[in-house]
Amino acid sequence: GAVVSQHPSWVICKSGTSVKIECRSLDFQATTMFWYRQFPKQSLMLMATSNEGSKATYEQGVEKDKFLINHASLTLSTLTVTSAHPEDSSFYICSARDPRDSLQETQYFGPGTRLLVL
Amino acid sequence: QQQVKQSPQSLIVQKGGISIINCAYENTAFDYFPWYQQFPGKGPALLIAIRPDVSEKKEGRFTISFNKSAKQFSLHIMDSQPGDSATYFCAASKDTGRRALTFGSGTRLQVQP
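Residue numbers (our numbering), protein chains in the order written: chain E, 6 to 123; chain A, 2 to 114.
This is the structure we're talking about:
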């Protein structure tokens with residue numbers, strides 16, 4: 006199956022700093038990637054859809070100026086949490102569909118990035 | 002509005018038993034229904050998925066049952082093993098547009114030896 010990686014796997018930062026999380030499709034090209042946030046023992050909540058070469062689409066209630074998304078190439082999307090605060094501490098997960106899949110149904114998820122803001 | 006409702010929240014099953022997790026959806030535009038398995042600290046991994054044109058799909062020990070009229074679908078894990086202990090999420094998506102997934106709330110399954 007297709008492989009999606011994320012870097013870093015975990016990060017600790019001070020309140021007020023910015024953190025960048027990378028999402029890469031390793032063996033396929035993805036024009037669209039999705040970013041999710043998951044709080045402990047809760048479900049995955051879609052934050053935004055990352056579109057290669059164009060602006061991201063944000064879900065209602067997600068601040069686009071706080072969560073900056075850049076999809077500069079067909080294999081890389083980045084999520085930058087700007088001016089992070091303790092309430093931004095969460096598990097951030099990206100996903101993408103493999104265009105080699107004829108139906109392009111399956112979303113392949115990355116391993117996630119654990120963010121802790123002190 | 003919670004578009005995909007999942008139950009139970011947690012489930013304890015003895016080794017060799019059958020684990021059953023249920024989901025119900027509201028949006029009739031959904032036409033793709035996957036189940037994901039997630040271990041602590043890891044990303045979700047696809048287990049099995051179904052489309053509304055079939056009522057059941059089986060892959061190994063995992064079976065999805067789908068009831069379109071009731072807008073419900075369920076995951077059955079046969080011969081449950083301790084290694085199956087994880088959190089399971091049902092999800093749904095439309096076949097148009099971004100086809101983003103809407104997830105259920107999750108079920109924490111514990112299979113006791």
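Every residue, glycine too, gets a C-beta built ideally from N, C-alpha and C.
8 Å is my cut-off, CB to CB: does residue i come that close to chain E?
i: alanine 46/A; result: yes
i: leucine 102/A; result: yes
i: phenylalanine 74/A; result: no
i: serine 106/A; result: yes
i: phenylalanine 90/A; result: yes
i: arginine 99/A; result: yes
Is the beta carbon of residue i sitting closer than 8 Å to the one on residue j?
i: serine 48/E; j: serine 20/A; result: no
i: threonine 108/A; j: isoleucine 22/A; result: yes
i: tyrosine 97/E; j: arginine 29/E; result: no
i: valine 55/A; j: proline 83/A; result: no
i: alanine 101/E; j: methionine 52/E; result: no
i: serine 88/E; j: phenylalanine 44/E; result: no
i: isoleucine 51/A; j: phenylalanine 63/A; result: no
i: lysine 117/A; j: serine 94/A; result: Since the first residue shown for chain A is 2 and the last is 114, residue 117/A is missing from the structure and cannot be characterised.
i: lysine 9/E; j: glycine 115/E; result: Here the sequence assigns valine to residue 9/E, which means lysine is not the residue at that position. Yes.
i: leucine 47/A; j: serine 86/A; result: no
Once DSSP output is grouped into helix, strand and coil, what is the label at residue i?
i: glutamate 64/E; result: coil
i: aspartate 85/A; result: helix
i: proline 116/E; result: coil
i: proline 91/E; result: helix
i: proline 45/E; result: coil
i: glutamate 27/E; result: strand
Cβ closer than 8 Å: which chain E residues qualify as neighbours of residue i?
i: glycine 18/A; result: Here the premise fails: no neighbours, minimum Cβ distance about 24 Å.
i: lysine 95/A; result: Neighbours of lysine 95/A on chain E: none; closest Cβ ~12 Å, over 8 Å.
Which residues of chain A have a Cβ atom closer than 7 Å to the Cβ of residue i, listed in chain order?
i: leucine 121/E; result: Result: empty, since nearest Cβ-Cβ is about 13 Å, beyond 7 Å.
i: isoleucine 98/E; result: Gly44
Going by the C-beta, is residue i closer than 7 Å to any heavy atom of the ligand ZN?
i: tyrosine 41/E; result: This structure simply doesn't include the ligand ZN, nor any ligand for that matter.
Residue range of the beta strand (DSSP E) that residue i falls in?
i: histidine 12/E; result: 9-12
i: phenylalanine 63/A; result: 63-68
i: aspartate 103/E; result: Element bounds for aspartate 103/E: n/a, residue is neither H nor E.
i: phenylalanine 74/A; result: 73-78
i: arginine 109/A; result: 108-113
Using a cut-off of 7 Å between C-beta atoms, extract the partners of residue i located in chain E.
i: tyrosine 33/A; result: Glu110
Any beta carbon of chain A sitting closer than 8 Å to that of residue i?
i: isoleucine 17/E; result: no
i: glycine 58/E; result: no
i: leucine 79/E; result: no
i: glycine 115/E; result: yes
i: serine 94/E; result: no
i: threonine 87/E; result: no
i: phenylalanine 33/E; result: no
i: threonine 37/E; result: yes
i: serine 55/E; result: no
i: serine 48/E; result: yes
List, in chain order, every chain A residue whose beta-carbon is nearer than 8 Å to that of residue i.
i: threonine 83/E; result: Going along chain A, no residue has its Cβ under 8 Å from threonine 83/E, so there is no contact; the nearest lies around 17 Å.
i: threonine 62/E; result: Arg99
Whose Cβ in chain E lies nearer than 9 Å to the Cβ of residue i?
i: alanine 50/A; result: Glu110 and Thr111
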